[in-house]
Each structure stands twice: as structure tokens, then as C-alpha cells.
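Okay, structure first, notes after.
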Amino acid sequence: MKKKVAFVCVHNSCRSQMAEGWAKKLGSDILEVYSAGTENYHEVKPLAVKVMEEAGVDMSSHYPKLLSDIPEEVDYLITMGCNVVCPYVPCKHSEDWGLEDPSGGPIENYRITRDLIKEKVEYLIKRVKNNEI
Numbered sequence: 361m362k363k364k365v366a367f368v369c370v371h372n373s374c375r376s377q378m379a380e381g382w383a384k385k386l387g388s389d390i391l392e393v394y395s396a397g398t399e400n401y402h403e404v405k406p407l408a409v410k411v412m413e414e415a416g417v418d419m420s421s422h423y424p425k426l427l428s429d430i431p432e433e434v435d436y437l438i439t440m441g442c443n444v445v446c447p448y449v450p451c452k453h454s455e456d457w458g459l460e461d462p463s464g465g466p467i468e469n470y471r472i473t474r475d476l477i478k479e480k481v482e483y484l485i486k487r488v489k490n491n492e493i
């Protein structure tokens, strides 16, 4: 059975969306993937979509979601580094990745964040497969 993972930040417009994209691409065999935010936002950041497309991940159909749009309980809750009190979702394991938000910065910052998230998602998938978390 697949494990449910939720990637959460404030707006669900950049980092958590990238994490969702990577997890779906790299871990669809073992993960049921969600992302959400704590506040409404009108779009996924266009530069986030662009840099993920550069890496072969299609996020063109992604849109910001709220915590109420995802399952009430997940196996793994990953927060992105909220700079506020991170949201609580019932889960078996949670961790905060403490990633800087590239929003408002140059495209290179988005690329750096994209690559960091890919590494973290790959490590998460490895730990899930090895029953380490």
C-alpha cells in the first residue's frame, strides 16, 4: 500500500508544489502525494513551473490547494520552512526542510531550490522504501 505524503507551506505556490512534482515523478510507486498551504493564493509561481519544466517535471496543471483539500491524516508531513508556525496535520512522521522561499528572486534561486528539493525528495523516498521512517 502506498504511503501518503503531504508537502505543506503557507501559500502552496512554489516549494511545496515543486516537492509534489518531484515526489509524483520519482516516487509514484510508493507514495500517494499531496501538497497544500495554510492561506489562499491565486496561482503557482510561473517561475516554479518553468524551472520544473526545465527538469522534465510538468506542473502546468498544478494549482494552490488548502489543508482542507488534502486527506485529514497522512503518513508523512513535510513542511518547507514556513517562517511562521508550521501547520499541524495528523501524521506518523513529520519534518521541516527549512528551505528558503525563492519567490520574488531571480530564476537562478528557483533552480537552486528545485535541485535541493529533488535531493530531499530522493532521500525521503529512500527512507520510505527502507522503512527508516
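Counting along the sequence shown from 1, when you hit position 31 you're at 391 in our numbering, and nothing is skipped either side.
Every residue gets a Cβ at the ideal spot worked out from N, C-alpha and C, and that includes glycine.
Quick caveat, the model's predicted, so the values are computed rather than measured.
Within the DSSP bridge table, the entry for Cys451 names Val434 as partners.
Counting every other CB atom within 10 Å of its CB across the protein chains shown gives His422 a total of 16 or more, marking it as buried.
The bridge partners DSSP lists for Val404 come to none. Annotated three-state conformation of Ser428 is helix, per DSSP. Taking Gly381 as reference, the option from Val404, Val370, Glu432, Thr398 with the minimal CA-CA separation is Val404. Contact between Val365 and Tyr436 holds: CB atoms are separated by about 4 Å, below the 8 Å threshold. Per DSSP, reduced to three states, the secondary structure at Tyr470 is helical. According to DSSP, Val368 shares a beta bridge with Ala396, Thr439.
Per the C-alpha coordinates, the member of Met440, Ser420, Glu460, Val434 positioned closest to Glu392 is Val434.
Sequence-distant partners of Glu413 (beyond 5 residues in either direction) whose C-beta falls short of 8 Å from its own C-beta, in its chain, are Met419, Ser420.
Annotation: the continuous alpha helix (DSSP H) that includes Ser376 extends over 375–387. Residue state for Leu459 is assigned as coil, using DSSP reduced to three classes.
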